[in-house]
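Asks: Take a look at this one; I'll ask things after.
Residue numbers (my numbering), protein chains in the order written: chain R, 1 to 253; chain X, 254 to 562.
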């Protein structure tokens, strides 16, 4: 298992698409606050501080998270079916369960790194430009580790769903396209169905698709925290088990 | 025969894809230390069998025994002792040759990085430097695929069309390398190839598969026995020569080819008598050579078609 994780990390490190995605996101994360900075400067509005920017824009990071997972799933996992690499991996004398677990682990790490780019790069840049400032009343510095920690956890949950679909789709183009549509529409579809069917409504309320919106909330009630933590963890466990189940029975072409 | 003497044995191995029987009750056995030439037309089931052995697909029925192991977990472990190229070399297109080898070295848990340059040298790719494999020729990709398969000196090497894309010198070099590995390391090799003349130069054992069924397995020595020997005769007047052979030698076991050449079967021990009879009949002998059928003609005859492996 150790070797499998090591080789996946090696592959991630050498993956051009991963680095392209990271660099492109970093550039966008640098450019985005600059637009506000110059706009506010010309209009004379007060500038965002680092803390203010983080609280205002962290919600948008959910889109980055979803797009990052979709692209990385296509280029890091599905691509290995078309290049034949999956054949080498599957015939390497390791169980399919180990192979899937190693791939999911490193894929999730890659997606988590991508999900951190926007909040970290933008907040740092704004802090350098206008200072960090203060969190609004009621928020403490604990907000930063909490929001980043939950971002990582929810990205891992999205990654586990992404990895599951790569086993079925096995083509990078199809994977990216399908996951983009799925992640962007599932929220509205479940919300719509949930308003008509109670069970689906409850399911949606306790799904990562709904709860990801809570990640950036300035205040989280202590009663909501267990669900906020357990739902992504259960999502990871269930999708990983399902992914291993399918991968164990899959003929690799 | 002891179980350990076989590297691979399959028992009634069958694989069905959506109602199509790709493999049908195949009982194949490969002895340790042999070079096994696996012959069959496109779609005969060669790759399907290789995919089952390497764990890429699962049998519909029957079983596989690798290094004496047939239970699922033991079989997975036994696959660590295999190196393979299946259908085409599996390479990371944006990595260099060294990086491709390094990734596979880590995957297989082979200690020490020194095997990477050694393998590159062994397949003649030591000078590729920072060139990414996406820009390699097909021949270079095949060589790198072989280097990857050879990492860690596997006991059993499975090669599916390894000479695809290689230039004539590359084909010769690969043949010599495989023979060397077999001779010096005792590596057992399974090769499926369309180039039967090439297989004939290195295989010690053969298996013919046709429409999912293993028709026959035989050794190189047995092949020699199976391939009919004949005397190839080219004379100035083939019609007259045919009559002379029939009347003077009392045999009809010969063929007159389209180009006028005659294949005379049997009588291999009487070349001087035959040439003397033809000469006495006033025929001018242009060519007179003892010959034998080769693997390709035997294969064609065995599956009942003219050619196209």
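No residue lacks a Cβ here, since even glycine has one placed at the ideal position from N, Cα and C. Please read all numbers here as calculations on a predicted model, not as lab measurements.
(1) Is residue 555 (chain X) closer than 8 Å to residue 469 (chain X) when the C-beta atoms are compared?
(2) Tell me which residues share the same chain as residue 242 (chain R) and place their Cβ nearer than 7 Å to its Cβ, disregarding the 5 neighbours each side in the sequence.
(3) Which value, in whole angstroms, describes the spacing of the CA atoms of residue 142 (chain R) and residue 111 (chain R)?
(4) Determine the direct distance from the alpha carbon of residue 467 (chain X) to that of residue 281 (chain X), and round the result to whole angstroms.
(5) Give a yes or no on whether the C-beta atoms belonging to residue 122 (chain R) and residue 75 (chain R) are separated by under 8 Å.
(6) Quick check on the DSSP output: the alpha helix (DSSP H) that includes residue 226 (chain R) runs from which residue to which?
(7) Span of the beta strand (DSSP E) holding residue 544 (chain X)?
(8) What's the gap between the Cα of residue 342 (chain X) and the Cα of residue 415 (chain X)?
(9) Quick one: which residues of the stretch 329–358 of chain X get their C-beta closer than 8 Å to a C-beta of chain R? List them in chain order.
(10) DSSP state of residue 549 (chain X), grouped into three classes?
(11) For residue 215 (chain R), which residues from the same chain have a beta carbon less than 7 Å from its beta carbon, with the 5 sequence-adjacent residues on both sides left out?
(12) For residue 523 (chain X), which three-state DSSP category applies?
(13) Distance check for residue 171 (chain R) and residue 389 (chain X), CA to CA, integer angstroms please.
(14) Give the secondary structure of residue 566 (chain X) by DSSP, where H, G and I count as helix, E and B as strand, and everything else as coil.
(15) Mind listing which residues of the stretch 287–311 of chain X have their C-beta closer than 8 Å to chain R's C-betas, in chain order?
(16) Per DSSP, what are the beta-bridge partners of residue 337 (chain X) in this structure?
(17) Is the beta carbon of residue 229 (chain R) closer than 8 Å to that of residue 209 (chain R)?
(18) Residues of chain R with a CB under 7 Å from the CB of residue 396 (chain X): which are they?
(19) Measure how close the beta-carbons of residue 411 (chain X) and residue 335 (chain X) come, nearest whole angstrom, since I'm counting them as under 8 Å.
(20) Give me the residue from X:344, X:287, X:262 and X:492 with the minimum Cα distance to residue 441 (chain X).
(21) With which residues is residue 458 (chain X) paired in a DSSP beta bridge?
(22) Based on the DSSP output, what are the partners of residue 445 (chain X) in its beta bridges?
(23) Just the chain X side, please: which residues come within less than 7 Å of residue 18 (chain R) by C-beta, in chain order?
(24) Give every residue of the same chain whose Cβ lies closer than 7 Å to the Cβ of residue 350 (chain X), excluding the five residues on either side of it in the sequence, and list them in chain order.
(25) I want to know whether the stretch 354–362 of chain X touches the stretch 97–112 of chain R - three or more CB-CB distances under 8 Å.
(26) Can you tell me where the beta strand (DSSP E) with residue 266 (chain X) in it begins and where it stops?
(27) I'd like to know whether the C-beta of residue 513 (chain X) is nearer than 8 Å to at least one C-beta of chain R.
(28) Are the C-beta of residue 7 (chain R) and some C-beta of chain X separated by less than 8 Å?
(29) What's the C-alpha gap between residue 514 (chain X) and residue 463 (chain X)?
(30) State the Cα-Cα distance for the pair residue 453 (chain X) and residue 249 (chain R), rounded to the nearest angstrom.
(31) Decide yes or no for the touch test of the stretch 530–549 of chain X against the stretch 477–493 of chain X: beta carbon pairs closer than 8 Å, at least 3 of them.
(32) Which residues of the stretch 356–381 of chain X have a Cβ closer than 8 Å to any Cβ of chain R? Give them in chain order.
(33) Suppose you measure from the CA of residue 274 (chain X) to the CA of residue 160 (chain R); what does that come to, to the nearest Å?
(34) So is residue 94 (chain R) buried or exposed if we call it buried at 16+ other beta carbons inside 10 Å?
(35) Does residue 39 (chain R) have its Cβ less than 8 Å from a Cβ in chain X?
(36) Closer than 8 Å between beta carbons: that is the criterion. Which residues of the stretch 94–126 of chain R meet it against chain B?
Replies: If we stick to the structure as given:
(1) yes
(2) 164
(3) 23 Å
(4) 7 Å
(5) no
(6) 225–248
(7) First-last of the beta strand (DSSP E) with residue 544 (chain X): 538–545.
(8) Each residue's alpha carbon lies about 9 Å from the other.
(9) 329, 330, 331, 332, 333, 334, 335, 337, 339, 340, 341, 342, 343, 344, 345, 346, 347, 348, 352, 355, 356 and 357
(10) In the structure shown, residue 549 (chain X) falls within a helical segment according to DSSP collapsed to helix, strand and coil.
(11) 147, 150, 151 and 154
(12) coil
(13) When rounded, the distance between both Cα atoms is 23 Å.
(14) Within the shown structure, residues of chain X are numbered from 254 to 562, placing residue 566 (chain X) beyond reach of any answer.
(15) 304, 307, 308, 309, 310 and 311
(16) Answer is X:411.
(17) no
(18) Correct list: empty, because the minimum Cβ distance to chain R is about 16 Å.
(19) For residue 411 (chain X) against residue 335 (chain X), the beta-carbon gap comes to about 6 Å, under 8 Å, which counts as contact.
(20) X:287
(21) X:289 and X:472
(22) DSSP, once it has assigned bridges, lists X:291 and X:413 as partnering residue 445 (chain X).
(23) Correct list: empty, because the minimum Cβ distance to chain X is about 11 Å.
(24) 373, 378, 381, 386 and 397
(25) no
(26) 259–270
(27) no
(28) At a cut-off of 8 Å, the C-beta of residue 7 (chain R) has a neighbouring C-beta in chain X.
(29) 32 Å
(30) 38 Å
(31) yes
(32) 356, 357, 359, 360, 361 and 362
(33) 36 Å
(34) buried
(35) Taking 8 Å as the CB threshold, residue 39 (chain R) stays off the interface with chain X.
(36) You won't find chain B in this structure, because its protein chains are R and X.
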